[in-house]
Amino acid sequence: MSKGKAVLHKGKNPDTTHPIRAYSDTTDMLIVQMIDEWNYTPALIAALLYRDKADVAAHIAELERTGRADDVREFLRGNSSLYVYRTKNNKGRKSFA
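Per UniProt numbering, residue 1 is the first one in the sequence shown, and the count goes up by one each step.
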């Protein structure tokens, strides 16, 4: 029996039938922090996480719609001295340290 070689695909995965990976709690925290503190766009977040732009945008909308983003913000405020929340109008920073 001959052994087959593993094929590494450069760029996009040619198998488009695979299911979308679930988002973990840690990833949700990272996404919320990327948006609130660093003003990252969904496209940049998608590139950093190696995910589809539309999927990331839909997940961010779902986080806000379900209130999960607010829960994550509360957790970050209470447990991280490094988390800084930017007000909606970005006219200042509120530190919860």
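Cβ atoms here follow ideal geometry from the backbone N, Cα and C, with glycine treated the same way.
Mapping DSSP to helix, strand and coil, what is T41? coil
For A46, does the count of other Cβ atoms within 10 angstroms reach 16, so buried, or fall short, so exposed? Counting the other CB atoms within 10 Å of its CB gives A46 a total of 16 or more, which places it among the buried residues.
Leaving aside the five residues before and after A43 along the sequence, list all residues of the same chain whose C-beta is less than 6 angstroms from its C-beta, in chain order. K53
For R48, count the other beta carbons within 10 Å of its own beta carbon; 16 or more makes it buried, fewer makes it exposed. Which is it? Arg is not the amino acid found at residue 48; the sequence shown has Leu there. Flag for L48 reads exposed.
Any idea if A58 is buried or exposed, counting beta-carbon neighbours within 10 angstroms, 16 or more meaning buried? exposed
Counting C-beta neighbours from all protein chains within 10 Å, is the total for A69 16 or more, i.e. buried, or is it exposed? buried
Compare the Cα-Cα distances from E64 to each of D36, R21, A22 and report the closest residue. Nearest Cα to E64 within the set D36, R21, A22: D36.
From D55 to R77, what does the alpha carbon distance come to, in whole angstroms? Cα atoms of D55 and R77: separation of roughly 27 angstroms, rounded to the nearest angstrom.
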